[in-house]
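Residue numbers (the numbering used here): 109 to 279. Only one structure is covered here, and it is reproduced in the block below.
Take a look at the structure:
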């Protein structure tokens, strides 16, 4: 028997956020192109979704750098390893696909890291926007490059996109 999932909507500077999950965890955060009315955060809203909405509000206000909302992410072992490495990227820093590949133990898997990044079910909270291509190019972003640029600027990037020296990153 599977647990009942709920969906709520929250406003943000990058559009409506659709948050899916159960009482104890979040499974998905989708960046919507459509506008939805934000869900009032009443006692009827499952605790994990309420926490996600509150933490996202604090993040966008500049008051939160690390999310604590519990997640349940469905994916392959490789995808889950990549997503864990993404969560280890500190606020305000970026990594390359190659650096993430090395961090998960497969330095030649930069393309596979890109694919796992594209399948990240929880945008923003699992910060796939902090991954850039070699040479500093932004690469792709499922929510649109304008959102990736916005998120990186919000975290202090003015276009220079600093990151730690090669080999200095470990999740």
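Yeah, the Cβ is synthetic: ideal placement off N, Cα and C, and Gly gets one too. Predicted model only: the values in this text are computed from it and were never measured.
### Query
Run through DSSP, which three-state label would residue 279 get?
Because residue 279 carries a pLDDT of 40, less than 50, the predicted location of this residue cannot be relied on, and the following value inherits that uncertainty. The answer is coil: DSSP assigns residue 279 none of H, G, I, E or B.
### Task
Could you tell me the distance, in whole angstroms, from the CA atom of residue 186 to the CA atom of residue 145?
36 Å
### Task
Would you check if the stretch 185 to 200 and the stretch 125 to 140 touch, i.e. whether three or more CB-CB distances between them fall below 8 Å?
Contact between the stretch 125 to 140 and the stretch 185 to 200 is absent, because fewer than three Cβ pairs lie under 8 Å.
### Three-pair Cβ contact test at 8 Å for the stretch 132 to 146 versus the stretch 223 to 237
Yes: the two stretches touch, three or more of their Cβ pairs being nearer than 8 Å.
### Message
Judging by CA-CA distance, which residue of 190, 239, 226 and 159 is the nearest neighbour of residue 177?
### Response
Residue 177 has its Cα closest to that of 159, out of 190, 239, 226 and 159.
### Task
Determine, using beta carbons only, whether residue 122 and residue 255 come nearer to each other than 9 Å.
In this structure, residue 255 lies closer than 9 Å to residue 122 by Cβ.
### Task
Taking all protein chains shown into account, decide if residue 239 is buried (16 or more other Cβ within 10 angstroms of its Cβ) or exposed.
buried
### Ranges of the alpha helix (DSSP H) found wholly within the stretch 175 to 241, counting only runs of at least 4
185 to 195, 205 to 211 and 218 to 226
### Query
Does DSSP classify residue 126 as helix, strand or coil?
Here DSSP, grouped into helix, strand and coil, assigns residue 126 to strand.
### Message
Considering just the uninterrupted stretch of the alpha helix (DSSP H) at residue 166, what are its terminal residues?
### Response
155 to 169
### Task
Please report how far the alpha carbon of residue 245 lies from the alpha carbon of residue 216, in whole angstroms.
19 Å
### Query
CA-CA distance, residue 208 and residue 157?
28 Å
### Task
Would you mind sorting residue 111 into buried or exposed? The rule is 16 or more other CB atoms within 10 Å of its CB.
Burial call: exposed.
### Query
Where residue 189 and residue 214 are concerned, what is the direct C-alpha to C-alpha distance, given to the nearest angstrom?
11 Å
#### Entry: Cut-off 6 Å between Cβ atoms - residues of its own chain near residue 270, not counting five sequence neighbours on either side
Reliability fails at residue 270, whose pLDDT of 45 lies under 50, so the model's placement of it is uncertain and no value is given.
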